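Novice:
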Amino acid sequence: MLPRHAPKRLIHIAPRVLLWMPSFLWAGVIFWLSSIPGTDLPPTGFSSLAHVVVYLILSALIFIALRPGADRASAICLAILLASAYGVTDEIHQSFVPNRTPDIADWGFDTIGAAIGAWLGRLVDERLAARKK
């Protein structure tokens, strides 16, 4: 809760910042996971699915943060774009981690997950809007 004497501008900005916090925290989790050296990773049998799920969550969180100030279509496109772009930076980051290498296929799975996450965010948003009517 902000103090009574907080500037009005800050009061309007605070809810927006709070909406973005889960996205930033999840991006931090992704960065941390990407920092694990390749020798310490579990067997790669579920790597592709892990990429899809991790970026599905990121994109859904970004969609939730964007939605109050944007129409659904814009929020979907931006969520996919931002999550996919973060996937690119994640792959670049892995090039600096011991026994890890960037992989364009991983980025492809990141983007697929981002698209699914934005689509699921849209479905939830539509259902919530229908309940309000």
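With the numbering used here applied, the sequence shown covers 110 to 242.
A virtual CB, placed ideally from N, CA and C, is assigned to each residue, including glycine.
Computed from a predicted model, the values in this text were never measured in an experiment.
#1: Mind listing, in chain order, the continuous alpha helix (DSSP H) runs of no fewer than 4 residues lying wholly within the segment 164-231?
#2: Would you check if the segment 214-233 and the segment 167-187 touch, i.e. whether three or more CB-CB distances between them fall below 8 Å?
#3: Identify whether L111 lies in helix, strand or coil by the three-state DSSP scheme.
#4: Measure from the alpha carbon of L175 to the alpha carbon of each residue in P207, L150, M130, then state which is nearest.
#5: When burial is assigned at 16 or more other CB atoms within 10 Å of the CB, is E235 buried or exposed?
#6: Measure how close the beta-carbons of F133 and H202 come, nearest whole angstrom, since I'm counting them as under 8 Å.
#7: If you reduce the DSSP assignment to three classes, tell me which class I145 lands in.
Specialist: Concretely, from the data shown:
#1: Taking 4 residues as the minimum length, the alpha helix (DSSP H) runs contained wholly in the segment 164-231 are 181-203, in order along the chain.
#2: Yes: at least three Cβ pairs fall under 8 Å.
#3: Annotation note: pLDDT 49 at L111 (below 50); position unreliable, no value reported.
#4: Checking every option, the nearest Cα to that of L175 belongs to M130.
#5: Exposed is the call here.
#6: 16 Å between Cβ atoms; not a contact.
#7: Coil.
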